[in-house]
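Here's the structure, in structure tokens; my notes come after.
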Ligand code: UT7
């Protein structure tokens, strides 16, 4: 499809990702809580997850992913005019992670900020970057999702601790005469916040944050059901928005929360598994980093090729959700 129609679009120039060296396999959790490797594999699809080394932070991981995405695009950091970092685990409340990353990679004084939309944060950030590029307010954007969920995981809670990992993924987006991004949708429903949330923050239970820690809490099976229905509806809506049919999709890059969620969506969309990028066995659930990490794995492994259509979709705490359909 050619759309040299005088409009301005955003296209993916390059991708990058990073996961820490340290690996926690399922056997590690058998020593911590009442669980076992077979249950974890069968119920989640997870075999291992990467976690930061002492002293390593979200910013360190975002830096590595960003440098790789810049290198893939052949861009100097100084040529960026927009940086957005999605994360729920920033190094600091402020300066924001966009600014910290801007300084770390030596980008110029461009617009730089972070946003928090849980697992959908990367797609929210991509949506903003696409809007700014197509609106003429930016030409070269760096969009990053990074998390050190190991910092907010309760390793005494078997229903959540087995799920989460650390990592970062990044995309460079540039202005182009043809798409690029074909459709984006984001949404949220705060009525469900009690099903997936953190135990404390700056304005709520601050004492708990200081003295007891700050942890993820989830009512997994209810989140599971909602994730399947929202992500399926989102995918169908995006395909329609782009004027395509489900069969036109070359790749689905879903949020990597549970292999059974991914399989349920694929079945509802009649999408064969060869068209789905699945990294959950290796990464676990890395929240905001999950989609850009999987996207980078798909591209660097040579499966996702230029000209192909890619649908990314994520769902998480809030609830928040978001999806993007683009031609790579
Ligand atoms: O990233 C944001 C979005 N997140 C998601 O989409 C995650 C959605 N939820 C899930 O992936 C799944 O609900 C979980 C993997 C979290 C849980 O799997 P489930 O099949 O929904 O299990 P369940 O919560 O219904 O629990 C079934 C049983 C329970 O035992 P009883 O009450 O039947 O005796 C749990 O206590 O499994 C038990 N269980 C475990 N057993 C062994 C829960 N966690 C574990 C565990 N090891 N780690």
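In our numbering, the protein residues as written are 61 to 388.
For glycine and all other residues, C-beta sits at the position ideal for the given N, C-alpha and C.
- Sixteen is the threshold: when 16 or more other Cβ atoms of the shown chains lie within 10 Å of the Cβ of residue 325, as they do, the residue is buried.
- Bridge partners of residue 224 according to DSSP: 345.
- At least one heavy atom of ligand 1 falls within 7 Å of the beta-carbon of residue 179.
- Shown here for residue 317: same chain residues with a beta carbon closer than 6 Å to its own, the five before and five after excluded, namely 345 in chain order.
- Taking the Cβ of residue 99 as the reference point, at least one heavy atom of ligand 1 falls within a distance shorter than 7 Å.
- At least one heavy atom of ligand 1 is found less than 7 Å from the C-beta of residue 222.
- With distances taken between CA atoms, residue 119 lies nearest to 207 out of 143, 218 and 207.
- Per the C-alpha coordinates, the member of 174, 281 and 67 positioned closest to residue 156 is 174.
- Excluding residues up to 5 positions away in sequence, 260 and 261 lie with their Cβ nearer than 7 Å to the Cβ of residue 269 in the same chain.
- Under the criterion of beta carbons closer than 8 Å, residue 252 and residue 382 do not qualify as touching, at roughly 15 Å.
- Secondary structure of residue 119 (DSSP, three-state): helix.
- Taken in chain order, the complete alpha helix (DSSP H) segments of 4 residues or longer contained in the segment 122-207 are 157-165 and 181-194.
- For the pair residue 338 and residue 282, the Cα-to-Cα distance works out to about 22 Å.
- For residue 89, there is no enclosing beta strand (DSSP E); the enclosing alpha helix (DSSP H) covers residues 86-90.
- Placement of the Cβ of residue 281 at a distance of less than 7 Å from at least one heavy atom of ligand 1 is found.
- Apart from the 5 residues on each side of it in sequence, residue 85 sits with its Cβ closer than 6 Å to the Cβ of 108 in its chain, given in chain order.
- Counting only the Cα atoms, residue 215 lies some 12 Å from residue 274.
- Here the C-alpha atom of residue 329 lies approximately 43 Å from the C-alpha atom of residue 272.
- In this structure residue 286 is not in contact with residue 310, their Cβ atoms being roughly 27 Å apart against a cut-off of 8 Å.
- Contact check between the segment 370-386 and the segment 227-247: three or more CB pairs, one atom from each, fall below 8 Å, which counts as touching.
- Annotation: residue 277 to residue 68 spans about 42 Å, alpha carbon to alpha carbon.
- Boundaries of the alpha helix (DSSP H) around residue 321: 319-329.
- At a threshold of 7 Å, residue 321 counts as near ligand 1, since its beta carbon sits closer than that to one of the ligand's heavy atoms.
- Scanning its chain for C-beta atoms nearer than 6 Å, with the 5 sequence neighbours on each side dropped, one finds around residue 164 the residues 123, in chain order.
- Residue 336 is bridged by DSSP to 312.
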